[in-house]
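Residue numbers (the working numbering): 184 to 419.
Now the structure itself:
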């Protein structure tokens with residue numbers, strides 16, 4: 184078989200969840216590669232079946248967990264298939280939830296950056312809230328609670344970014360991806376005893392939030408049943 188064919192060939196087996204990028208399922212799979220397998224897409228860690236920012240969070244959490252803890256997120260793989268959309272509130276939710284989870288526990292040297300990103304996201308949510316009553320209330324409350332839990336970082340962020348405003352384009356392309364990455368890193372190096380549990384809970388809650396914001400007017404593509412059952416069998 185030629186190399187190009189091999190890269191696209193997906194055998195009907197269940198790949199083993201592991202860190203990093205994999206050329207094919209026989210070498211293992213990261214979280215999003217397994218999602219591409221479930222969706223029946225070409226083998227990829229950037230499949231079209233999942234919102235790019237949520238996929239980024241999933242890859243980061245996957246790679247931050249060790250081999251012993253990584254199986255705890257296998258059951259979440261089917262849940263990301265079909266979570267797509269272009270509404271800004273989805274980007275805000277996927278960025279703000281990790282930042283709010285990380286800010287209170289991240290090392291002090293990382294808290295300022297997280298606070299600036301969370302405060303910037305909150306301002307954008309507040310600006311959009313009047314046009315979409317109730318759609319951003321939970322995210323604003325989440326940000327307020329996290330900022331209150333890190334008062335020094337909050338004060339620093341207010342001083343540093345008092346005039347900070349970002350466009351929707353800048354938020355999507357720069358602010359949100361960086362905030363997600365800093366957040367997962369902040370939790371991963373936090374001086375707490377339950378880092379793996381926090382990462383798993385973060386991914387789970389963010390998936391649920393993002394799923395609640397999907398436009399359901401268009402029917403989602405079905406997940407191949409045989410593959411779905413094989414993945415589910417791993418967590419039974």
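Glycine included, each C-beta is placed from N, C-alpha and C at the ideal position. As the structure is a computational prediction, the values presented were derived from the model and not from experiment.
The Cβ atoms of residue 297 and residue 354 lie no closer than 8 Å to each other. For residue 333, the secondary structure class from DSSP, reduced to helix, strand or coil, is coil. Listed in chain order, the non-local C-beta contacts of residue 332 below 8 Å within the same chain comprise 286, 287, local neighbours out to five positions each way being set aside. The stretch 300-311 and the stretch 271-282 touch, with no fewer than 3 CB-CB distances between them shorter than 8 Å.
Rounded to whole angstroms, residue 229 and residue 320 show a C-alpha spacing of 30 Å. For a cut-off of 8 Å, the C-beta gap from residue 304 to residue 362 is around 7 Å, short enough to register as a contact.
DSSP places residue 231 in the coil class of the three-state scheme, outside both helix and strand. A straight line joining the alpha-carbon of residue 382 with that of residue 389 spans about 11 Å.
When DSSP states are grouped into helix, strand and coil, residue 245 belongs to the helix group. In the DSSP annotation of this structure, the continuous segment of the alpha helix (DSSP H) that includes residue 366 starts and ends at 359-371.
Counting only the Cα atoms, residue 309 lies some 33 Å from residue 214.
Contact check for residue 222 and residue 264: beta-carbon distance about 5 Å, within the 8 Å limit, so the pair qualifies. Excluding five sequence positions before and after residue 393, the CB atoms of its chain that fall closer than 7 Å to its own CB belong to 234, 237, 266, 273, 276, 277, given in chain order. The beta carbons of residue 216 and residue 271 sit no closer together than 8 Å.
Residue 239 and residue 360 have their alpha carbons spaced roughly 8 Å apart. The stretch 242-296 is shown to contain no whole beta strand (DSSP E) run of 3 or more residues. For residue 392, the enclosing alpha helix (DSSP H) has its first and last residue at 378-395. For residue 356, the closest C-alpha among the options 269, 336, 250 is that of 269.
Here residue 294 is buried, its C-beta having at least 16 other C-beta atoms within 10 Å.
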